[in-house]
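*Asks:* The structure that follows is given in the form of structure tokens.
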């Protein structure tokens, strides 16, 4: 919160920072500055929508080109490459959900500007040691929250049937692609990102770091749906996540394997497949 600081003057730093982000994205795509006449929440939502959509397509197309064409048969055998139709369907699902996804960072930005969270503007305010400690705690909290949100989306049958099953139609290597990373029912995608917002009320977080981590999600989800096992411990890479899509009851974690290890749901990609039966 902003108690003990210069209230409105301090909160105005967040407004100025958000305006700077808006300028980077919206000035480049909407010439003439006409977007400045829109209400602030609409500006934020539009920036998130345009930025998120560009990031989704750029990261998805570049990664698909690299693994399916440039490095064809190096990382993914020919028979495991998803069809263009399958990837197009994933893009359609994502584009239907994207406007709703962008509502969450818009809401978090509004709450930060109002001083309802524990966000701070500059790393210099707390120092690098404290900043690194806060980011570490933030990431552990997010990892824990996403693990349990994801697991409950499987364990609570109505949530799985009406929300998460939309994503799990991609359950084989030849149906998974980087474009599947954001192909969720809109509410499912929002629920799995909610820990990022809850963390703002509990953990001092630099505003820019929060924004960057939300956009990193788009790149990360593309990566873990490419079916390539990176073997970088303790990262929950695509090898682990492919198992999640084929068994439905392992590897719920997001960035690391630690939560699955702690709660007994971990399965290593190099294990005998029969052990998962």
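In UniProt numbering, the protein residues as written are 1 to 277. Glycine included, every Cβ here is placed at the ideal spot set by N, Cα and C.
#1: Opposite residue 281 in the DSSP bridges: which residues?
#2: Report the residue ranges of all alpha helix (DSSP H) runs contained in full by the stretch 46 to 117; include only those spanning at least 4 residues, in chain order.
#3: Run the CB neighbour count on residue 34, radius 10 Å, all protein chains shown included, and call it buried at 16 or more, exposed below.
#4: Report yes or no: do the stretch 106 to 113 and the stretch 197 to 205 share at least 3 C-beta pairs separated by less than 8 Å?
#5: Report yes if the CB atom of residue 207 is closer than 9 Å to the CB atom of residue 112, and no otherwise.
#6: Measure the C-alpha to C-alpha separation of residue 79 and residue 245 and round it to an integer number of angstroms.
#7: Among 76, 14, 167 and 99, which one has its Cα closest to the Cα of residue 45?
#8: Per DSSP, residue 166 forms a beta bridge with which residues?
#9: What distance in whole Å lies between the Cβ atoms of residue 97 and residue 286, which are believed to be in contact at a cut-off of 8 Å?
#10: Give a yes or no on whether the C-beta atoms belonging to residue 242 and residue 229 are separated by under 9 Å.
#11: Beta-carbon within less than 7 Å of residue 60's beta-carbon, same chain only, minus the 5 sequence neighbours each way: which residues are those?
#12: Report the option in 193, 115, 29 and 209 whose CA atom is closest to the CA atom of residue 132.
#13: Note down the Cα distance separating residue 257 from residue 151, rounded to an integer number of angstroms.
#14: Taking 9 Å as the threshold (C-beta atoms), are residue 114 and residue 38 in contact?
#15: Should residue 253 and residue 218 be called a contact, given that it needs their Cβ atoms to be closer than 9 Å?
#16: When the distance is taken between beta carbons, is residue 68 closer than 9 Å to residue 189?
#17: Taking only three categories from DSSP, how would you classify residue 142?
#18: Alpha carbon to alpha carbon, how far is residue 74 from residue 43? Give it in angstroms, no decimals.
#19: State the Cα-Cα distance for the pair residue 267 and residue 260, rounded to the nearest angstrom.
#20: Leaving out five residues before and five after residue 325 in sequence, what residues of the same chain have Cβ atoms less than 8 Å from its Cβ?
#21: Counting only beta-carbon separations shorter than 9 Å, does residue 39 have a partner in chain B?
#22: Determine the DSSP secondary structure at residue 246, reduced to helix, strand or coil.
#23: Under a Cβ-count criterion, where at least 16 other Cβ atoms within 10 Å of its own Cβ denotes burial, should residue 1 be classed as buried or exposed?
#24: Return the residue from the list 93, 143 and 231 that minimises the CA-CA distance to residue 192.
*Replies:* According to the data block:
#1: Since the displayed the chain opens at 1 and closes at 277, residue 281 lies outside it and no answer follows.
#2: Runs of the alpha helix (DSSP H) lying entirely within the stretch 46 to 117 and spanning at least 4 residues, in chain order: 84 to 101 and 103 to 113.
#3: By the neighbour-count rule (16 or more Cβ atoms within 10 Å), residue 34 is not buried but exposed.
#4: Touching, per the Cβ criterion.
#5: Yes, the pair counts as a contact, with Cβ atoms nearer than the cut-off.
#6: Between the alpha carbons of residue 79 and residue 245 lies a gap of roughly 18 Å.
#7: Answer by Cα proximity: 99.
#8: Secondary-structure assignment with DSSP links residue 166 through no beta bridge to anything.
#9: In this structure the chain extends from 1 to 277, so residue 286 is not present and cannot be described.
#10: A distance below 9 Å separates the beta carbons of residue 242 and residue 229.
#11: Around residue 60: 178, 179 and 222.
#12: Among 193, 115, 29 and 209, the Cα nearest to that of residue 132 belongs to 209.
#13: Their Cα atoms are separated by approximately 14 Å.
#14: No, these two residues do not count as a Cβ contact at 9 Å.
#15: Between residue 253 and residue 218, the C-beta gap is not smaller than 9 Å, which leaves the two residues out of contact.
#16: No; because the gap between Cβ atoms is not below 9 Å, this pair is not in contact.
#17: Judged by DSSP in its simplified three-state form, residue 142 adopts helix.
#18: Using only the alpha carbons, I get a separation of about 43 Å.
#19: Distance between the alpha carbons of residue 267 and residue 260 is about 8 Å.
#20: In the structure as shown, the chain begins at 1 and stops at 277. Residue 325 is therefore absent and cannot be evaluated.
#21: This model lacks chain B altogether; it includes just one protein chain.
#22: In the structure shown, residue 246 adopts helical secondary structure according to DSSP, grouped into three states.
#23: At residue 1 the pLDDT is 48, less than 50, meaning the model places this residue with poor confidence; the figure from the coordinates comes in the next sentence. Result: exposed.
#24: Of 93, 143 and 231, the smallest CA-CA separation from residue 192 is found for 143.
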